[in-house]
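Trainee: First the structure, which I've put down as structure tokens, then a few questions once you've had a look.
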Amino acid sequence: MLEDFFLGNKAVWKVGNPDPVLVREISEKLNLPAVLAKVLVKRGFTDIDDIIGFLKPSVKDMHDPMLLPDMEKAVDRILDAKEHNERIVVYGDYDVDGITATSILYLFLKSIGLTVSYYIPDRVDEGYGISGAAVEFLCENSFDLMITVDCGISATDRIEQIKEGLVLKGRKMDVIITDHHQPDSNCLPDVLALINPHLPYSEYPFSKLCGAGVAFKLVHALCKRLNLGDEYFKYIDLACLGTVADIVELTGENRVIVQAGLRKIQKCPNPGIQALLEAAEIKNGNVDAWRLAFIIAPRVNAAGRMGDATRAVTLFTSSDPSRSEELARQLHNDNSKRQKIQTEIFRKALEIIDGDLNFRNRKVIVVSGDEWHQGVIGIVASMLVEHYYKPCFVMSVSGDEAVCSARSIDGFNIYDGMEYCRDLLVRYGGHEKAGGLTIKKSNIDRFSERINEYAERILKSADMQPKLEIDADVQIEEININSAGALTAMAPFGEGNPKPLFRMKDVNVLDRKRIGSDKSHLRLILGTERNPVQAVAFRMGYMERLLEKNSKIDVIFEMGLNEYNGRKNAELVVKYIRMPEESIIKNRILLEAAEKVEYLDNNIDWIYNRINNQQVSCSDMVISRQELGILYRYFQKTGSCTFTRSQLFELAHAIAQNRLRMNYFKVLSGIRILNELEVIRCSFRDNGCFSVDVTEPDGKRSLNNSKLYSFLQGLQQAAES
Numbered sequence: 006m007l008e009d010f011f012l013g014n015k016a017v018w019k020v021g022n023p024d025p026v027l028v029r030e031i032s033e034k035l036n037l038p039a040v041l042a043k044v045l046v047k048r049g050f051t052d053i054d055d056i057i058g059f060l061k062p063s064v065k066d067m068h069d070p071m072l073l074p075d076m077e078k079a080v081d082r083i084l085d086a087k088e089h090n091e092r093i094v095v096y097g098d099y100d101v102d103g104i105t106a107t108s109i110l111y112l113f114l115k116s117i118g119l120t121v122s123y124y125i126p127d128r129v130d131e132g133y134g135i136s137g138a139a140v141e142f143l144c145e146n147s148f149d150l151m152i153t154v155d156c157g158i159s160a161t162d163r164i165e166q167i168k169e170g171l172v173l174k175g176r177k178m179d180v181i182i183t184d185h186h187q188p189d190s191n192c193l194p195d196v197l198a199l200i201n202p203h204l205p206y207s208e209y210p211f212s213k214l215c216g217a218g219v220a221f222k223l224v225h226a227l228c229k230r231l232n233l234g235d236e237y238f239k240y241i242d243l244a245c246l247g248t249v250a251d252i253v254e255l256t257g258e259n260r261v262i263v264q265a266g267l268r269k270i271q272k273c274p275n276p277g278i279q280a281l282l283e284a285a286e287i288k289n290g291n292v293d294a295w296r297l298a299f300i301i302a303p304r305v306n307a308a309g310r311m312g313d314a315t316r317a318v319t320l321f322t323s324s325d326p327s328r329s330e331e332l333a334r335q336l337h338n339d340n341s342k343r344q345k346i347q348t349e350i351f352r353k354a355l356e357i358i359d360g361d362l363n364f365r366n367r368k369v370i371v372v373s374g375d376e377w378h379q380g381v382i383g384i385v386a387s388m389l390v391e392h393y394y395k396p397c398f399v400m401s402v403s404g405d406e407a408v409c410s411a412r413s414i415d416g417f418n419i420y421d422g423m424e425y426c427r428d429l430l431v432r433y434g435g436h437e438k439a440g441g442l443t444i445k446k447s448n449i450d451r452f453s454e455r456i457n458e459y460a461e462r463i464l465k466s467a468d469m470q471p472k473l474e475i476d477a478d479v480q481i482e483e484i485n486i487n488s489a490g491a492l493t494a495m496a497p498f499g500e501g502n503p504k505p506l507f508r509m510k511d512v513n514v515l516d517r518k519r520i521g522s523d524k525s526h527l528r529l530i531l532g533t534e535r536n537p538v539q540a541v542a543f544r545m546g547y548m549e550r551l552l553e554k555n556s557k558i559d560v561i562f563e564m565g566l567n568e569y570n571g572r573k574n575a576e577l578v579v580k581y582i583r584m585p586e587e588s589i590i591k592n593r594i595l596l597e598a599a600e601k602v603e604y605l606d607n608n609i610d611w612i613y614n615r616i617n618n619q620q621v622s623c624s625d626m627v628i629s630r631q632e633l634g635i636l637y638r639y640f641q642k643t644g645s646c647t648f649t650r651s652q653l654f655e656l657a658h659a660i661a662q663n664r665l666r667m668n669y670f671k672v673l674s675g676i677r678i679l680n681e682l683e684v685i686r687c688s689f690r691d692n693g694c695f696s697v698d699v700t701e702p703d704g705k706r707s708l709n710n711s712k713l714y715s716f717l718q719g720l721q722q723a724a725e726s
């Protein structure tokens, strides 16, 4: 983050520029603050009716479930099973989406008098989808109808195996598949009914439902046929949890499901959800999509990651409050264990990666460890992608095989990458951003070479830098209670509808203070004396020393409301802090110039052209005797020290506060001049750092004995002539 402050190199800021005429028109017609209108226009809303529908979603906007493919067939078959007292099994998945989908269907079918059970595959032993063990289980038990949720659309071979196994037993079982994953239209399972909004012949108006959403629509259809009114709404809180946990877009019907589901959770949630809220010490009134996705969902996922996922289904389907409380406590404790295990594996992975240049210099990270917990390596892969912004494969080695979870960045398709290496793999599967594979231990190094060979062809340098989508620039005058309050109408926030992000340029720092028990956070007052705005920057306490009072910065932030002592105020949650854009551009030039001064005669034209084009001034490039003296005395005072590039920027920034025009180029050229004069000894290290040691010179040194100092003096004379 320090280097990003000076160079702006952590992420590319892509700032929206919504049409001001359209912004004004929407603001006036709907009486909305300009800040909200800017976000709506940036996100593609131009029609007034569409905006009203988005800001005020209604259950009336939910689509007819009978529009989903094969829904009529599925409803007919389920009601036939009810009439003939047949046995039904719901086949689910071990993640939150699969667990909530299973719970929705199980609870409803049981409530209308059906004989129903469920099967959740083991995450480690069976994996996703219909497993071999499940085929055996289904053939050994006398079920008349199987309904899959959140899986099955790609289980063509397994469905055939089930049919063959049942023929040998002299029995038959119908299958209804409900799923939301992308189908292969050339290889669909041969079953009674396929309910999936992504099927090419689907007429359903919204394709972004999750598995729990599709199961919810099946219950909706059954209620419609049975004239049960809005009985299906009993399960909307579970559908809401599955939707936010599965990171599907919170637009269209998903927005209706989540908003209505949150209202139910705040008032009368499923007993299992209530028990989880109490275990996590969350008040019902404070529940939002973020808390569900990042506090409650991990506890549900912990059931499958750390043990038996059926515990989570039992939690959501139990009518015994004490049993629900016990299971919620178990999952809460399992989640704590999961966090400790994943933190330890993440630490080990960082040590491996940072300790080997071969890892850091490659576009794709492949890292492995013995017996790393398979239930958390996917999370660790995501953490590594966030840390390095590179595609990452994390492998758990056991015996002569390794199981791997992979996560990716924009521009690199994980599945295509695995396809390129398929001859090295035992099995693999996934999609663009995530996947998994099994590989022989002896092939791991070859896989690392091959996947990086593929990445060199696919990934360009621009792909290796994250992009931050920012909705709009705002002025300090636009930040107020009215604007902050209006933005809450865009909730629930999540995938496809993130919290609005704004930029303020050249904003004044009125005050700053480190806060928190460990002083790791930063409280800021930005703006003007007439219009001050409170801001908080979490985990940025270390930046206090860089932000002088009345200095100017560029900030990226979310806008919200803060209530203190009964009084509400607009408050900014700062995500990024940088020097103003003009200073960033200058620092980048100075950094490049510093890298070129090793080749003095060859690069005088490059440096001179930057001065001549007024991108930098001569005083930015030429270090004075006074500045050299300050730098030397600093090293005398500190003794031996080691610097990273960002620390050199920080040193220059600190010296510049004393009314001197110090910068990165001058500090680095000053170090090299002092090194030439042998009053310090500078050595560069493989990890990008360099160390400085002060020496004891025998006698005085003339600056004219330094080639670099003479070169810079010549540059100054050329610029002035």
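Residues 6 to 726 (this note's numbering) are what the sequence shown spells out, left to right. Even for Gly, the Cβ is constructed at its ideal location relative to N, Cα and C.
Would you report the Cα separation of residue 441 and residue 253, rounded to the nearest angstrom?
Mentor: As a working note, residue 441 is residue 436 in the sequence shown. As a working note, residue 253 is residue 248 in the sequence shown. So the alpha carbons of these two residues sit roughly 20 Å apart.
Trainee: Please report how far the alpha carbon of residue 581 lies from the alpha carbon of residue 534, in whole angstroms.
Mentor: Position 576 of the sequence shown holds residue 581. Position 529 of the sequence shown holds residue 534. Near 23 Å, if we compare the C-alpha coordinates of residue 534 and residue 581.
Trainee: Given this structure, state the Cα-to-Cα distance separating residue 601 from residue 668, to the nearest angstrom.
Mentor: Counting from one through the sequence shown, the residue named residue 601 turns up at place 596. Counting from one through the sequence shown, the residue named residue 668 turns up at place 663. Cα-Cα distance, rounded: 16 Å.
Trainee: What does DSSP give as the partner residues of residue 93 in its beta bridges?
Mentor: On the sequence shown, position 88 is the one that residue 93 refers to. DSSP lists 121 and 150 as partners of residue 93.
Trainee: So which of 204, 157, 723 and 102 has the shortest CA-CA distance to residue 306?
Mentor: Against the sequence shown, residue 306 aligns to sequence position 301. Looking at the Cα atoms, 102 is the closest of the given residues.
Trainee: For the candidate residues 543, 493, 483 and 556, whose alpha-carbon lies nearest to that of residue 513?
Mentor: Start at 1 with the first residue of the sequence shown, and residue 513 comes out as number 508. Here the closest residue by C-alpha is 556.
Trainee: For residue 532, report the span of its beta strand (DSSP E) as first-last.
Mentor: Residue mapping note: residue 532 aligns to position 527 of the sequence shown, counting from 1. First-last of the beta strand (DSSP E) with residue 532: 526 to 532.
Trainee: Determine the direct distance from the alpha carbon of residue 594 to that of residue 378, and round the result to whole angstroms.
Mentor: Taking the first residue of the sequence shown as position 1, residue 378 is located at position 373. Taking the first residue of the sequence shown as position 1, residue 594 is located at position 589. The straight-line gap from Cα to Cα measures roughly 46 Å.
Trainee: Given a cut-off of 8 Å, decide if residue 624 and residue 677 are closer than it, judged by their beta-carbon atoms.
Mentor: Within the sequence shown, the letter at position 672 stands for residue 677. Within the sequence shown, the letter at position 619 stands for residue 624. No, Cβ-Cβ distance for residue 677 and residue 624 is not below 8 Å.
Trainee: In the DSSP assignment, what are the bridge partners of residue 518?
Mentor: By one-based count along the sequence shown, residue 518 stands at place 513. Per DSSP, 528.
Trainee: Is any beta-carbon of chain B found at less than 8 Å from that of residue 238?
Mentor: Annotation note: the requested chain B is absent from the structure, which comprises a single protein chain.
Trainee: What are the boundary residues of the alpha helix (DSSP H) that residue 384 is part of?
Mentor: Here residue 384 refers to the residue found at position 379 of the sequence shown. Segment 382 to 393, the alpha helix (DSSP H) holding residue 384.
Trainee: Please state whether the Cβ-Cβ distance between residue 451 and residue 429 is less than 8 Å.
Mentor: The sequence position of residue 451 within the sequence shown is 446, counting from 1. The sequence position of residue 429 within the sequence shown is 424, counting from 1. It is a contact, given that the beta carbons lie within the stated cut-off.
Trainee: Please determine if the segment 239 to 249 and the segment 211 to 229 are in contact, where contact requires at least 3 C-beta pairs separated by less than 8 Å.
Mentor: The segment 239 to 249 is in contact with the segment 211 to 229.
Trainee: Going by C-alpha distance, which of 358, 71 and 128 is nearest residue 211?
Mentor: Here residue 211 is taken as the residue at index 206 of the sequence shown, counted from 1. Looking at the Cα atoms, 71 is the closest of the given residues.
Trainee: Return the CA-CA distance between residue 725 and residue 719, expressed in angstroms with no decimal places.
Mentor: Taking the sequence shown and counting its residues from 1, the one referred to as residue 725 is at position 720. Taking the sequence shown and counting its residues from 1, the one referred to as residue 719 is at position 714. Distance between the alpha carbons of residue 725 and residue 719: 10 Å.
Trainee: Contact between the segment 327 to 336 and the segment 522 to 536 is defined here as three or more beta-carbon pairs at a separation below 8 Å; is this criterion met?
Mentor: The answer is no - the segment 522 to 536 does not touch the segment 327 to 336, with fewer than three Cβ pairs under 8 Å.
Trainee: Taking 8 Å as the limit between beta carbons, can you name the residues of its chain near residue 12, skipping five residues before and five after?
Mentor: Taking the first residue of the sequence shown as 1, we reach residue 12 at position 7. So the qualifying residues of the chain are 589, 592, 593, 596 and 654.
Trainee: In chain order, what residues of the same chain lie with their CB nearer than 7 Å to the CB of residue 393, ignoring the 5 residues before and after it?
Mentor: Working through the sequence shown from its first residue, we reach residue 393 at position 388. 370, listed in sequence order.
Trainee: When every heavy atom of the ligand MN is checked, does at least one fall within less than 7 Å of the C-beta of residue 597?
Mentor: Among the ligands in the structure shown, none appear at all, so the ligand MN cannot be discussed.
Trainee: Rounded to whole angstroms, what's the CA-CA distance from residue 721 to residue 681? Just pull it up for me.
Mentor: Residue mapping note: residue 721 aligns to position 716 of the sequence shown, counting from 1. Residue mapping note: residue 681 aligns to position 676 of the sequence shown, counting from 1. The alpha-carbon atoms of residue 721 and residue 681 are separated by roughly 20 Å.
Trainee: Assuming the contact rule is C-beta atoms closer than 8 Å, residue 38 and residue 477 should be a hit. Round their C-beta distance to whole Å, please.
Mentor: Position 33 of the sequence shown holds residue 38. Position 472 of the sequence shown holds residue 477. Not really, about 12 Å apart at Cβ, beyond 8 Å.
Trainee: Helix, strand or coil, according to DSSP, for residue 4 in the structure here?
Mentor: Within the shown structure, residues of the chain are numbered from 6 to 726, placing residue 4 beyond reach of any answer.
Trainee: Please list the segments of the beta strand (DSSP E) lying wholly inside the segment 529 to 603, counting only runs of 3 or more residues, in order along the chain.
Mentor: Whole beta strand (DSSP E) segments, 3+ residues: 537 to 542, 557 to 569 and 572 to 583.
Trainee: Measure from the alpha carbon of residue 388 to the alpha carbon of each residue in 361, 347 and 404, then state which is nearest.
Mentor: Taking the first residue of the sequence shown as position 1, residue 388 is located at position 383. The shortest C-alpha separation from residue 388 is found at 347.
Trainee: Taking only the alpha-carbon atoms, compute the straight-line gap between residue 99 and residue 460 and give it to the nearest angstrom.
Mentor: By one-based count along the sequence shown, residue 99 stands at place 94. By one-based count along the sequence shown, residue 460 stands at place 455. Cα to Cα, residue 99 sits roughly 32 Å from residue 460.
Trainee: Can you find the residues in the same chain that come closer than 6 Å, C-beta to C-beta, to residue 340, ignoring five residues on each side of it along the sequence?
Mentor: Here residue 340 corresponds to residue number 335 of the sequence shown, with the count starting at 1. If we look at residue 340 and ignore the five residues flanking it on each side, its Cβ neighbours are 303, 304 and 307.
Trainee: Which first and last residues belong to the beta strand (DSSP E) in which residue 666 is found?
Mentor: By 1-based counting over the sequence shown, the position of residue 666 is 661. Looking at the DSSP string, residue 666 is not in any beta strand (DSSP E), and its letter there is neither H nor E.
Trainee: Looking at the structure shown, is residue 645 part of a helix, part of a strand, or coil, going by DSSP?
Mentor: Residue 645 sits at position 640 when you count from the first residue of the sequence shown. Coil, per DSSP.
Trainee: Please classify residue 480 as buried or exposed, where buried requires at least 16 neighbouring CB atoms within 10 angstroms.
Mentor: Taking the first residue of the sequence shown as position 1, residue 480 is located at position 475. By the neighbour-count rule (16 or more Cβ atoms within 10 Å), residue 480 is not buried but exposed.
Trainee: Measuring straight from C-alpha to C-alpha, what distance separates residue 206 and residue 187?
Mentor: The sequence position of residue 206 within the sequence shown is 201, counting from 1. The sequence position of residue 187 within the sequence shown is 182, counting from 1. Their Cα atoms are separated by approximately 13 Å.
Trainee: Reducing DSSP to helix, strand and coil, say where residue 135 ends up.
Mentor: The count along the sequence shown starts at 1 and reaches residue 135 at position 130. Residue 135 falls in the coil class under three-state DSSP.
Trainee: Whether or not the segment 418 to 434 and the segment 102 to 121 are in contact is what I'm after, with contact meaning three or more pairs of Cβ atoms, one per stretch, closer than 8 Å; do they touch?
Mentor: No: the two stretches stay apart, fewer than three of their Cβ pairs being nearer than 8 Å.
Trainee: State the Cα-Cα distance for the pair residue 372 and residue 386, rounded to the nearest angstrom.
Mentor: In the sequence shown, counting from the first residue as 1, residue 372 sits at position 367. In the sequence shown, counting from the first residue as 1, residue 386 sits at position 381. Near 9 Å, if we compare the C-alpha coordinates of residue 386 and residue 372.
Trainee: Mind reading off the beta-carbon distance from residue 106 to residue 46? Whole number of angstroms is fine, and I expect it under 8 Å.
Mentor: The sequence position of residue 106 within the sequence shown is 101, counting from 1. The sequence position of residue 46 within the sequence shown is 41, counting from 1. No, residue 106 and residue 46 are not in contact; Cβ-Cβ is about 36 Å, not under 8 Å.
Trainee: Since residue 474 sits in a beta bridge, which residues does DSSP pair it with?
Mentor: Translated into the one-based positions of the sequence shown, residue 474 becomes position 469. For residue 474, which the question treats as bridged, DSSP gives the partners 19.
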